[in-house]
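Residue numbers (my numbering), protein chains in the order written: chain A, 6 to 203; chain B, 6 to 203.
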């Protein structure tokens, strides 16, 4: 038996999503066949609205419904601190902490020579241009703590340092609740180096 | 910052899917924001076609594009053997083995008093009715090998035995490639009991 064409197609499209393999895609497609039409229509509408109503903020490239995102529109945010992140999902993660009240700049990826991602593929030009018309006192680099995040941070720091008095980077060390015994050597080593005075 | 409404809605709808938690739903929604419009449209179309073009076979309740599914339509299949399975996905799994050439009956679930699923919620009446107009020599019960599958198999066997000369059930034992040492006691016990003469 061949799997029916419409089912095959749905499985194919679903398995293009990140983290969804062929088996999961089949399970999702079969689930939708069992679901009532209305619920599938709701999902479809939500996806279409997502694409039509949300775009990137023209200033910081965070997700926005209007031309500027909610954060850039908010006069209460500290306009003098700029936090550079990789993706819009990082903005959501940092906002959840309630520890940051400045503005963001989403560069939209990470430098990766192996995947062919160079500086021109990221929104780095757009970041540099912000210094021309904004008064920024501090830039916080909040990229991932892996090799590529490291490289990109160093690259950005070199570019930005002539433009702003303070360039910082989020701390790396033992995660909260983390067990020293189970932490890897690189993390422990970094935690030792970056120790704080009590 | 509030997450933008259309994003929130997409996350909500996606997290209704089985095995998709809130975090995965957010990752999928953000992925779709980055994907070009055309690809999202393709996915949406595939899902809508899935719902409009595929329905349940009027005879065996397998997935079908026409009134009858491909298997029920095929005159080369052995019309005398009926394999009872829980879901359409089980038909796909069994068809992949190329070991079965009869017909199917998809009951659409499993008896589960705890979840409130009784015989009237499954396509058991429809199964019984098939014996009136089809000449069936053997019914193979191919339900899952867990407690609920067990219970449902025994329930069905009692119902069907007066109607057909042979009611069988797929073997339970050590999975192929399975290591005796790592198999659970219930499986080893069953494999011992159901041992075959060489």
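For every residue, glycine included, the Cβ atom is placed at its ideal position computed from N, Cα and C.
Practice task
Report the rounded CA-to-CA distance for residue 158 of chain B versus residue 119 of chain A, giving the unit in angstroms.
Solution key: Locating residue 158 of chain B in the second chain gives position 153, counting from the first residue. Locating residue 119 of chain A in the first chain gives position 114, counting from the first residue. Between residue 158 of chain B and residue 119 of chain A, the C-alpha separation is close to 55 angstroms.
Handout entry: For residue 120 of chain A, the three-state DSSP class (helix, strand or coil)
Key = The count along the first chain starts at 1 and reaches residue 120 of chain A at position 115. If DSSP states are grouped into helix, strand and coil, residue 120 of chain A belongs with the helices.
Practice task
Using the Cα positions of residue 98 of chain A and residue 147 of chain A, report the straight-line distance between them to the nearest angstrom.
Solution key: For the purposes of this step, residue 98 of chain A is identified with residue 93 of the first chain, where counting begins at 1. For the purposes of this step, residue 147 of chain A is identified with residue 142 of the first chain, where counting begins at 1. For residue 98 of chain A and residue 147 of chain A, the distance between alpha carbons rounds to 11 angstroms.
Practice task
Run down chain A in chain order and give the residues with a C-beta less than 9 angstroms from the C-beta of residue 94 of chain B.
Solution key: The sequence position of residue 94 of chain B within the second chain is 89, counting from 1. Correct list: 31, 32, 35.
Exercise for the section: List in chain order: all unbroken beta strand (DSSP E) runs of 3+ residues lying wholly within the segment 30-115 of chain B. Expected result: 86-90, 108-111
Practice task
Would you grab the beta carbon distance between residue 76 of chain B and residue 9 of chain A for me? Rounded to a whole angstrom, and I think it's under 8 angstroms.
Solution key: Locating residue 76 of chain B in the second chain gives position 71, where the first residue counts as 1. Locating residue 9 of chain A in the first chain gives position 4, where the first residue counts as 1. Rounded, the Cβ-Cβ distance is 11 angstroms, inconsistent with contact.
Practice task
Would you check if the distance between the CB atom of residue 87 of chain A and the CB atom of residue 141 of chain A is smaller than 8 angstroms?
Solution key: Residue numbering aside, residue 87 of chain A sits at position 82 when the first chain is read from its first letter. Residue numbering aside, residue 141 of chain A sits at position 136 when the first chain is read from its first letter. Taking 8 angstroms as the Cβ cut-off, residue 87 of chain A and residue 141 of chain A qualify as a contacting pair.
Practice task
Tell me residue 174 of chain A's beta-bridge partners as DSSP assigns them.
Solution key: The count along the first chain starts at 1 and reaches residue 174 of chain A at position 169. DSSP lists A/146 as partners of residue 174 of chain A.
Problem - Residues within the segment 110-135 of chain A neighbouring chain B, beta-carbon criterion of under 7 angstroms - result: none
Problem - Simplified DSSP assignment, three categories, for residue 158 of chain B - result: On the second chain, position 153 is the one that residue 158 of chain B refers to. The answer is helix: DSSP assigns residue 158 of chain B an H, G or I state.
Problem - chain B contact for residue 83 of chain A (CB, 8 angstroms cutoff) - result: Walking along the first chain from the start, residue 83 of chain A turns up at place 78. So no, residue 83 of chain A is outside the interface.
Practice task
Mind checking which residues open and close the alpha helix (DSSP H) that includes residue 194 of chain B?
Solution key: Translated into the one-based positions of the second chain, residue 194 of chain B becomes position 189. Element bounds for residue 194 of chain B: 190-198.
Handout entry: CB-CB length for residue 143 of chain B against residue 169 of chain B, believed under 8 angstroms
Key = Locating residue 143 of chain B in the second chain gives position 138, counting from the first residue. Locating residue 169 of chain B in the second chain gives position 164, counting from the first residue. Rounded, the Cβ-Cβ distance is 7 angstroms, consistent with contact.
Exercise for the section: Consult DSSP for residue 16 of chain B and reduce its assignment to one of helix, strand or coil. Expected result: Start at 1 with the first residue of the second chain, and residue 16 of chain B comes out as number 11. In this structure, residue 16 of chain B counts as helix in the three-state DSSP scheme.
Exercise for the section: Just confirm the distance between the C-beta atoms of residue 67 of chain A and residue 45 of chain A, as a whole number of angstroms; I'd bet it's less than 8 angstroms. Expected result: Within the first chain, residue 67 of chain A is the residue found at index 62, counting from 1. Within the first chain, residue 45 of chain A is the residue found at index 40, counting from 1. So it is not a contact: roughly 30 angstroms between Cβ atoms.
Practice task
From the DSSP output, in three-state form, read off residue 21 of chain A for me.
Solution key: Against the first chain, residue 21 of chain A aligns to sequence position 16. Coil, per DSSP.
Exercise for the section: Quick one: grab the DSSP three-state call for residue 184 of chain A. Expected result: Here residue 184 of chain A is taken as the residue at index 179 of the first chain, counted from 1. Coil, per DSSP.
Problem - CB contact flag (residue 92 of chain B, residue 111 of chain B, <8 angstroms) - result: Within the second chain, residue 92 of chain B is the residue found at index 87, counting from 1. Within the second chain, residue 111 of chain B is the residue found at index 106, counting from 1. It is a contact, given that the beta carbons lie within the stated cut-off.
Practice task
Might you give, ordered along the chain, the residues of its own chain that have their beta carbon closer than 8 angstroms to the beta carbon of residue 90 of chain B, omitting 5 neighbours on each side?
Solution key: For the purposes of this step, residue 90 of chain B is taken as the residue at position 85 of the second chain. Correct list, in chain order: 96, 99, 109, 110, 111, 112, 147, 148.
Practice task
Determine the chain A residues that contact residue 8 of chain B at a beta-carbon separation under 7 angstroms, and present them in chain order.
Solution key: Here residue 8 of chain B refers to the residue found at position 3 when the second chain is read from its first residue. Correct list: 97.
Problem - Check whether residue 117 of chain A and residue 139 of chain A have beta carbons under 8 angstroms apart - result: By 1-based counting over the first chain, the position of residue 117 of chain A is 112. By 1-based counting over the first chain, the position of residue 139 of chain A is 134. The answer is no: Cβ separation not under 8 angstroms.
Problem - Under 7 angstroms by beta carbon: chain B residues contacting residue 58 of chain A - result: On the first chain, position 53 is the one that residue 58 of chain A refers to. Per Cβ cutoff of 7 angstroms: 11.
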